[in-house]
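Presented below is the structure to which this report refers.
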């Protein structure tokens, strides 16, 4: 029964991704940017040291007649406090996220609106990651669930409840299992992008918050605990101020709050409080 549910879930996500690919040429709007963020107080589970990281980011968001697509790739370079396997140099990680939304209002020609909600959607997608540490993680996660799209004056505010299923890998010698399939769990996701004017300053407040319920046992047979991740930023439209080009160059400050990272607990490095500097170039 468990395998059947997993196959049906994966098929549903694949159908959403296929629909998104088939409508790529019919985009009604899009926004693409290269980003960079930097911080010195990141953490890693089991590591008592703060880690300095440079993060390069590629993000694409686009809408079409029935919904929208979101794609983000982060490439994270640590300093030597988080070393690569067999090296004194810092580790490199790649983390890819894809989400596709179907908007019921567009499917039915009438929004499913109520109270502060302007429409309801169905969201599906996946996360993939790899990192060249001794642990050698290879995360594979599928998510699917409903999304409430709130009516805000500008920008967006989305609240989703996802069914999540995750697989991963551990190459370290202390792991009792190398390949693991975690128990399915639910994820609450809040995502926002809210532009506003602060006097003469064009600003935006953006970010996301994930609450992940516990997902069973880890690689050593220890019970995982619920996990929280908040990543947010306050940005200034520098391009509009400097040369009159709106939504081209943004700069600002951010903050990453992470508790029980990856479901770990009762060890160093599982809680993060990391301020960041951030830049985005939209094209």
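Numbering (mature numbering (1 follows the signal peptide of the UniProt record, and there is no 0)), first residue to last: -26 to -1, 1 to 257. The beta carbon of each residue, even a glycine, is placed where N, CA and C say it ideally should be.
In three-state terms, what does DSSP make of residue 236? helix
Does DSSP classify residue 215 as helix, strand or coil? helix
For residue 123 and residue 151, which I take to be in contact (beta-carbon distance under 8 Å), what is that distance rounded to the nearest angstrom? The pair is not a contact, with the Cβ atoms about 40 Å apart (cut-off 8 Å).
Span of the beta strand (DSSP E), counted from its first residue to its last, around residue 178: 175 to 186
Tell me whether residue 194 is buried or exposed, calling it buried when 16 or more other Cβ atoms sit within 10 Å of its Cβ. exposed
Name the one or two DSSP bridge partners that residue 37 has. 3, 42
Is residue 82 helix, strand or coil by DSSP? helix
Taking DSSP as the reference, what is the three-state secondary structure of residue 109? coil
Counting Cβ pairs, one atom from each stretch, are 3 or more of them under 8 Å apart for the segment 198 to 214 and the segment 233 to 248? yes
Using the rule of at least 16 other Cβ atoms within 10 Å of the residue's Cβ for burial, across every protein chain shown, is residue 50 buried or exposed? buried
In DSSP terms, what residue 51 is bridged to: 28, 66
Pair within 8 Å by beta-carbon distance, residue 40 and residue 82: no
Measure the C-alpha to C-alpha separation of residue 228 and residue 136 and round it to an integer number of angstroms. 25 Å
For the segment 174 to 189 against the segment 153 to 164, do three or more pairs of beta-carbon atoms, one drawn from each stretch, fall closer than 8 Å, so that the two count as touching? yes
DSSP state of residue 93, grouped into three classes? strand
For residue 6 versus residue 38, is the C-beta spacing smaller than 8 Å? no
So who's on the other strand from residue 101, going by DSSP bridges? 71, 115
May I have the straight-line CA-CA distance separating residue 142 from residue 118, to the nearest angstrom? 19 Å
Beta-carbon proximity of residue 130 to residue 79, cut-off 8 Å: no
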